[in-house]
Amino acid sequence: SRELCEVARICADRSIPLIALHVHGFFGYLRLALPEHVVVESHPAHAMLDLRVLAPPAELRSLVADRFASLAALPDAEFSHVPYVVLLLHAVEEWSAAHAGAHPSSYAQKKEVRALLE
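As structure tokens, this is what we get:
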């Protein structure tokens, strides 16, 4: 294995990948000696989606006003198909009405809006 280490060092100096495979019947092992390769993830794993619930487009506002004005009056079968963003808009509107038209800005205030959805 000393020879393999020497070959791996020579390959590493020249940025040449080394693949060494040893097989003994049904047993074997594979050794890879590769130059360092850095991968930078440019997208976060849990990106926060901007649903524009604080400033929804006019089309979304009119859809909510026309089709989902009274969520309490909807039968269960229809309520189960209400888009989540509509529920969020209603919760934000309810919270804003209780707080003089202000929008939730702090984490605690956003937790209060989330509690309205539960």
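Numbered according to the numbering used here, the sequence shown terminates at residue 132, and the numbering increases by one at each position without gaps.
Idealized CB from N, CA, C, for every residue including glycine.
No experiment lies behind these values; they were computed from the predicted model shown.
Here F93 is actually not in contact with L102; their C-beta atoms are around 15 Å apart, not less than 8 Å. The region 43-55 and the region 63-82 do not touch, with fewer than 3 CB-CB distances between them shorter than 8 Å. The C-alpha of A116 is placed about 12 Å away from the C-alpha of V127. Taking V100 as reference, the option from K125, L131, S119 and A112 with the minimal CA-CA separation is L131. The beta carbon of A105 is closer than 7 Å to those of V127, L130 and L131 in its chain, skipping five residues each way along the sequence. Collapsing the DSSP output to three states places F82 in coil.
Relative to the Cα of I24, the nearest Cα in the group A47, V53, E108 and S120 belongs to A47. P49 is classed as exposed because its beta carbon has fewer than 16 other beta carbons within 10 Å across all chains shown.
Residue range D90 to F93 is occupied by the alpha helix (DSSP H) that includes F93. In the three-state scheme derived from DSSP, where H, G and I count as helix and E and B as strand, H104 is classed as helix. Judged by DSSP secondary structure, I30 falls outside any alpha helix (DSSP H); it is assigned neither H nor E.
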